[in-house]
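The structure under discussion appears below in the form of structure tokens.
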């Protein structure tokens with residue numbers, strides 16, 4: 345099998361032509377690698393140009409027994425994109441996934457935290473350590489600005505425009521947006537910048553990176569995930585949370601306090617308002633309040 349050349353060309357296309365982020369490109373690559381592993385396990389020696397509909401269908405059938413419908417839909421979508429690229433480049437005449445439908449996944453609403461739970465998480469941070477001050481600044485930024493974890497760890501000092509009350513975020517597809525930042529979040533970032541970060545031996549290439557680990561390198565997504573999981577365990581929180589929970593809570597709390605979806609969409613960096621609606625669930629009580637407040641015949 346000679347898949348590597350096609351995969352590298354495809355990833356270059358995603359980066360240069362479509363302007364996708366490194367994380368998104370890696371996720372597309374994982375889907376293709378999973379198909380390659382299936383072929384290797386079943387001793388099927390075939391290139392992406394020659395692979396048949398039947399072989400791909402066998403792979404999807406195998407995957408359907410191993411992952412949930414949402415993951416299955418993502419794999420199908422990723423492979424469709426790869427084979428569409430091969431068709432576009434005239435490597436093959438058809439897409440072997442053309443007739444394969446993704447499973448219906450519905451809308452899964454992620455867990456959200458109430459303000460008291462977020463306060464409890466932050467109060468559980470051990471501020472006697474340098475990492476504690478950094479972690480408080482990070483959690484305040486995640487929740488205060490509604491960032492993705494990838495946006496948090498790549499945040500630059502040069503992206504901070506505190507006098508104007510904004511930070512510049514580079515989101516999915518390397519698209520930039522300006523997000524308002526509150527005074528409390530600014531306060532904790534400035535405290536970390538002035539008191540903690542100068543004591544870190546910053547590694548080359550990370551001079552402008554805001555949040556650093558003890559060795560002076562950029563934090564990983566896994567590290568932020570672990571920090572939040574440990575704090576949740578410390579306060580006995582039973583909800584299944586992650587860094588994304590703070591982003592979702594940010595949007596939910598804004599909506600509950602009267603913000604409109606369009607404004608939330610811009611702050612979250614969603615291309616489509618439909619995506620924002622998935623994050624921001626509306627309960628019946630809140631809908632009733634909207635009706636009573638704004639409808640002319642209330």
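Numbering (our numbering), first residue to last: 345 to 642. Just so you know, even glycine gets a beta-carbon here, dropped at the ideal spot from N, CA and C.
Start-to-end residues for the alpha helix (DSSP H) that takes in residue i
i           : result
residue 520 : Per DSSP, residue 520 belongs to no alpha helix (DSSP H); it is in the beta strand (DSSP E), 520-524.
residue 596 : 587-600
residue 531 : 527-535
Closest by C-alpha distance to residue i, when choosing among the options
i           : options               : result
residue 466 : 472, 457 and 484      : 484
residue 462 : 430, 492 and 486      : 486
residue 650 : 606, 587, 457 and 420 : Residue 650 is absent from the model: the chain starts at 345 and stops at 642.
residue 512 : 372, 480, 554 and 346 : 554
residue 439 : 366, 609 and 397      : 397
residue 457 : 636, 586, 616 and 613 : 586
residue 444 : 404, 368, 498 and 374 : 404
residue 712 : 563, 474, 364 and 418 : Any property of residue 712 remains undetermined from this structure, which presents the chain solely from 345 to 642.
residue 515 : 609, 349, 413 and 402 : 609
residue 583 : 540, 455, 636 and 620 : 455
residue 537 : 482, 526 and 569      : 482
For residue i, the three-state DSSP class (helix, strand or coil)
i           : result
residue 441 : coil
residue 562 : strand
residue 608 : helix
residue 479 : helix
residue 360 : helix
residue 626 : Note that residue 626 scores 49 on pLDDT, short of 50, meaning its location in the model is unreliable and no value can be drawn from it.
residue 355 : helix
residue 469 : coil
residue 382 : helix
residue 500 : strand
residue 620 : helix
residue 505 : strand
residue 554 : coil
residue 541 : helix
residue 429 : helix
residue 615 : coil
residue 373 : helix
residue 492 : coil
residue 637 : helix
residue 457 : coil
residue 574 : helix
residue 568 : helix
residue 435 : coil
residue 346 : coil
residue 548 : coil
residue 603 : coil
CB contact check: residue i to chain C, cutoff 8 Å
i           : result
residue 560 : As a matter of chain content, chain C is missing from the structure shown, which is built from one protein chain.
Start and end residues, beta strand (DSSP E) containing residue i
i           : result
residue 579 : Premise fails: residue 579 is in no beta strand (DSSP E) and is neither H nor E.
residue 513 : 510-514
Note to self: Ignoring anything shorter than 4 residues, give me the alpha helix (DSSP H) runs that lie fully in the stretch 384-426, in order along the chain.
What the structure shows: Those alpha helix (DSSP H) runs which fall completely within the stretch 384-426 and span 4+ residues are 397-408.
Margin query: Pairs of beta-carbons, one from the stretch 429-447 and one from the stretch 488-505, closer than 8 Å: are there three or more?
Written below: Touching, no.
Note to self: Check whether the stretch 488-496 and the stretch 582-598 are in contact - that is, three or more C-beta pairs closer than 8 Å.
What the structure shows: yes
Note to self: For the pair the stretch 466-478 and the stretch 566-580, tell me if three or more CB-CB distances fall below 8 Å.
What the structure shows: yes
Check: On the three-pair Cβ rule with 8 Å, is the stretch 381-399 touching the stretch 538-551?
Finding: no
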